[in-house]
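Residue numbers are given in our numbering: position 132 of the sequence shown equals residue 238, and the series is strictly consecutive. All residues carry an ideal CB built from backbone N, CA and C; glycine is no exception.
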Amino acid sequence: MTRQLTAIALAALVLTPVAAFAQASANPFTDAVKAQLAQIKAPVTRTAEKVPEDLYAFKPTPEVRSLGQLIGHIADGNHGLCSAASGMKPSVTGIEKSTTTKAALQKALADSFAFCEQAIASMDDKQGAELTKSNLGMQPRLMVFAFNNSHLNEHYGNLVTYMRLKGIVPPSSEPK
107 MTRQLTAIAL AALVLTPVAA FAQASANPFT DAVKAQLAQI KAPVTRTAEK VPEDLYAFKP
167 TPEVRSLGQL IGHIADGNHG LCSAASGMKP SVTGIEKSTT TKAALQKALA DSFAFCEQAI
227 ASMDDKQGAE LTKSNLGMQP RLMVFAFNNS HLNEHYGNLV TYMRLKGIVP PSSEPK
């Protein structure tokens, strides 16, 4: 019973943005994925701006990524997954391992979001349904973009924990 309710709740969560776009768009699925990207881009970008540079080296425990490495990982993920979804080649890879300063990581993050936005900009639902190969196996292009959005949300959750441990209010919890 719990699994059924969870599945229904997840389906409603996924389909709600699609329903909102369905009447206004010829490409409701693509538009929903674009909207999800825009929605998570804001707090991730704001986190990179808000956290002081000295905390970019912070690791809650020795075996996990530092905050800066996590931002680099997010940028790498954007490039890798949006490249796989679109067929566009990223201009940079290996950010997590090679980039350490706040300014450079902020730029890499901004560039990675711009890459994803460009990669999906001209896509329609028909193109989004085409299969492509990624580290997920053969998947519809929009599924790979949606997985990237999920990856972004997962790691924004990590960033929230890092900020909370250092007494910083995350962007998503700031007063409006």
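What is the DSSP secondary structure of residue 269, counted as helix, strand or coil?
Of the three classes helix, strand and coil, the one that applies to residue 269 here is helix, per DSSP.
Leaving out the 5 sequence neighbours to the left and right, which residues in its chain are closer than 6 Å to residue 265 when beta-carbon positions are compared?
153
Is it the case that the stretch 228-237 contacts the stretch 206-217, given that we only count it when at least three CB pairs across the two stretches are under 8 Å?
no
Coarse secondary structure for residue 165, derived from DSSP in three states
coil
Beta-bridge pairing of residue 244 - partner residues as DSSP gives them
In the DSSP output, where bridge partners are listed per residue, residue 244 has 239.
Please name the residue in 192, 229, 243, 148 whose C-alpha comes closest to that of residue 132.
Measuring C-alpha to C-alpha distances from residue 132 to each of 192, 229, 243, 148 identifies 229 as the nearest.
Between the stretch 183-195 and the stretch 155-175, do three or more beta carbon pairs fall short of 8 Å?
no
When you compare the CB positions of residue 176 and residue 272, do they come within less than 8 Å of one another, or not?
no
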